[in-house]
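Visitor:
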Amino acid sequence: MWILGAVLPWTATAWQANWMGGNAAVLGGSTLLDLSLPGTHDALTYDLSTTVSEAGIDDHPALAAVLHAASAAGVVPEAVGAFVRGQAQTQALNVSAQLDAGVRFVDFRVMYTSGDWYGLHLLQTRRPAAAYLSELRAWVDAHPTEVVAI
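The sequence shown runs -17 to -1, 1 to 133 under mature numbering (1 follows the signal peptide of the UniProt record, and there is no 0).
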């Protein structure tokens, strides 16, 4: 949790991880359209690499191409890549921790590159998107009263 620029220790409660099931009597026959779900923006950015993604800059394909080529050629030093990663990161918690915190809408942004799907936000994730989806699936299997929208 961020408070005045300081990171404080934080742990999710069992209630947060199971809030939909705990409120089943209130939620009743509500449809997904009736609910306002807490969500995360660019949920996979906690695990970004320093590799510039193929299409990582929305609406600026020429700039994306230049950065990607520079990254692939090793022109972008690791320190610059780490700085860019810090600017692109919007989440500090992994997928399971986000869900444990009560998030029920997960913003997965993915792209196809190098023969697989990866998360992206200027940079691509360290692992293929399927790894994060497997983590999400395991969490949903362990929390059968919860609904998660992707």
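Quick reminder that beta carbons are idealized off the backbone N, C-alpha and C, glycines included. Nothing here was measured: the structure is a model prediction, and the numbers come from that model.
In this structure, does DSSP put Gly12 in helix, strand or coil?
Guide: In the sequence shown, counting from the first residue as 1, residue 12 sits at position 29. Reduced to three states, the DSSP call for Gly12 is coil.
Visitor: How long is the line joining the alpha carbons of Val93 and Ala(-4), rounded to whole angstroms?
Guide: For the purposes of this step, residue 93 is taken as residue 110 along the sequence shown, with counting starting at 1. For the purposes of this step, residue -4 is taken as residue 14 along the sequence shown, with counting starting at 1. Roughly 30 Å between the two C-alpha positions.
Visitor: On the criterion of 16 or more Cβ atoms from any shown chain inside 10 Å, does Gly102 qualify as buried, or is it exposed?
Guide: Residue 102 sits at position 119 when you count from the first residue of the sequence shown. Counting Cβ neighbours within 10 Å, Gly102 comes out buried, since at least 16 surround it.
Visitor: For a test of the three-state rule: what should DSSP assign to residue 139, helix, strand or coil?
Guide: Because the chain here runs from -17 to 133, residue 139 falls outside it and cannot be looked at.
Visitor: Between Thr33 and Leu27, what straight-line distance do the alpha-carbon atoms span, to the nearest angstrom?
Guide: Working through the sequence shown from its first residue, we reach residue 33 at position 50. Working through the sequence shown from its first residue, we reach residue 27 at position 44. Distance between the alpha carbons of Thr33 and Leu27 is about 14 Å.
Visitor: In terms of DSSP beta bridges, what is Gln107 paired with?
Guide: Within the sequence shown, numbered from 1, the residue matching residue 107 stands at position 124. Answer is Leu103.
Visitor: Out of Ser117, Leu119, Ser19, Ala113, which has the shortest C-alpha to C-alpha gap to Gly98?
Guide: For the purposes of this step, residue 98 is identified with residue 115 of the sequence shown, where counting begins at 1. It is Ala113 whose Cα lies nearest to the Cα of Gly98.
Visitor: Would Gln70 and Leu46 be called neighbours here (beta carbons separated by less than 9 Å)?
Guide: Here the question's residue 70 lines up with position 87 in the sequence shown. Here the question's residue 46 lines up with position 63 in the sequence shown. Not in contact: Gln70 and Leu46 (Cβ atoms no closer than 9 Å).
Visitor: Is Thr28 helix, strand or coil when you go by DSSP?
Guide: Start at 1 with the first residue of the sequence shown, and residue 28 comes out as number 45. In the structure shown, Thr28 sits in a helix (DSSP, three-state: H, G or I).
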